[in-house]
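Chemist: Following this message is one structure expressed as C-alpha cells.
In the working numbering, the protein residues as written are 5 to 154.
Structure, rendered in C-alpha cells:
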C-alpha cells in the first residue's frame, strides 16, 4: 500500500516552521538539523544560518516531491518525545510555537510529537486562540521577549 501524499504547504508556512525549529536560541542545533535531515532523507543545503538552511532544504525537497511529506516527516522526527526526556519544557515551548504556525494548515503537534488534524485559522488572532497558548497570545500582543523566557 502506497503512503499518502500530502499537498505542498505554502512557502511562508515551511519558512515559519524552519524559524521555530532553527531558532538561534531555542531551536535545534546545526548538528541536530543535519542528523534529522539525513534521517528523513532530505538533502542538506548550504545557508548562512540554521533557519535558512532548514527552510531551503525542506522547500527544495517539497518542490521536488510536490508534497509536504518531507516537512511532516521532519517535524515528527524533531518532535519525538524521547528527544526531550531531559528537557520537557523545551518540548512544550517548541510544541506551542509550532502549533501557532501549523494552525494555518489545519494541523497541530500533539503530545506524542506527531502531527494531527486541528482547527484551521485564517488570522493571527484565530491562530493564537486555536494554539490555546498563553505564550502565543502574549507574543501576538508584542510582549517583550524577556517575559516570554519564563
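Note that beta-carbon positions come from the ideal geometry of N, C-alpha and C, so glycine has one too.
Which partner residues of residue 102 appear in the DSSP bridge assignment?
Modeler: As a working note, residue 102 is residue 98 in the chain shown. In DSSP, residue 102 forms no bridge with anything.
Chemist: Which class does residue 6 belong to by DSSP, given the choice of helix, strand or coil?
Modeler: Here the question's residue 6 lines up with position 2 in the chain shown. Legend: pLDDT at residue 6 = 48, less than 50; position of this residue unreliable, no value from coordinates given.
Chemist: State yes or no: is the C-beta of residue 22 within less than 8 Å of the C-beta of residue 62?
Modeler: Here the question's residue 22 lines up with position 18 in the chain shown. Here the question's residue 62 lines up with position 58 in the chain shown. Yes. Within cutoff.
Chemist: From the DSSP secondary-structure annotation, give me the bridge partner or partners of residue 113.
Modeler: Counting from 1 along the chain shown, the entry for residue 113 is found at position 109. Residue 113 is bridged to 119.
Chemist: Per DSSP, what kind of secondary structure is residue 53 in: helix, strand or coil?
Modeler: Within the chain shown, the letter at position 49 stands for residue 53. In the structure shown, residue 53 sits in coil (DSSP, three-state: anything other than H, G, I, E or B).
Chemist: Once you ignore the five residues that flank residue 18 on each side, which residues in its own chain have a CB closer than 7 Å to its CB?
Modeler: Walking along the chain shown from the start, residue 18 turns up at place 14. Excluding sequence neighbours, residue 18 sits near 59, 62, 63, 66, 75.
Chemist: Taking the alpha-carbon positions, what's the residue 51 to residue 32 distance?
Modeler: As a working mapping, residue 51 is identified with position 47 in the chain shown. As a working mapping, residue 32 is identified with position 28 in the chain shown. C-alpha separation (whole angstroms): 15 Å.
Chemist: Cutting at 7 Å between CB atoms, please list the residues of its own chain near residue 82, excluding the five before and the five after it.
Modeler: Indexing the chain shown from 1 puts residue 82 at position 78. For residue 82, where only same-chain residues beyond five positions count, the Cβ hits under 7 Å are 25, 32, 40.
Chemist: Check whether the Cβ of residue 8 sits closer than 7 Å to any heavy atom of the ligand HEM, and report yes or no.
Modeler: You won't find the ligand HEM in this model; it holds no ligand whatsoever.
Chemist: By how many angstroms is the C-alpha of residue 55 removed from the C-alpha of residue 28?
Modeler: For the purposes of this step, residue 28 is identified with residue 24 of the chain shown, where counting begins at 1. For the purposes of this step, residue 55 is identified with residue 51 of the chain shown, where counting begins at 1. So the two alpha carbons sit approximately 8 Å from each other.
Chemist: Nearest-angstrom Cα distance between residue 108 and residue 84?
Modeler: Counting from 1 along the chain shown, the entry for residue 108 is found at position 104. Counting from 1 along the chain shown, the entry for residue 84 is found at position 80. Between residue 108 and residue 84, the C-alpha separation is close to 22 Å.
Chemist: Expressed to the nearest angstrom, what Euclidean distance is found between the alpha-carbon atoms of residue 117 and residue 91?
Modeler: Position 113 of the chain shown, counted from the first residue, corresponds to residue 117. Position 87 of the chain shown, counted from the first residue, corresponds to residue 91. Taking the straight line from one Cα to the other gives about 14 Å.
Chemist: Go ahead and pull the three-state DSSP assignment for residue 41.
Modeler: In the chain shown, residue 41 corresponds to position 37, counting from 1. The answer is helix: DSSP assigns residue 41 an H, G or I state.
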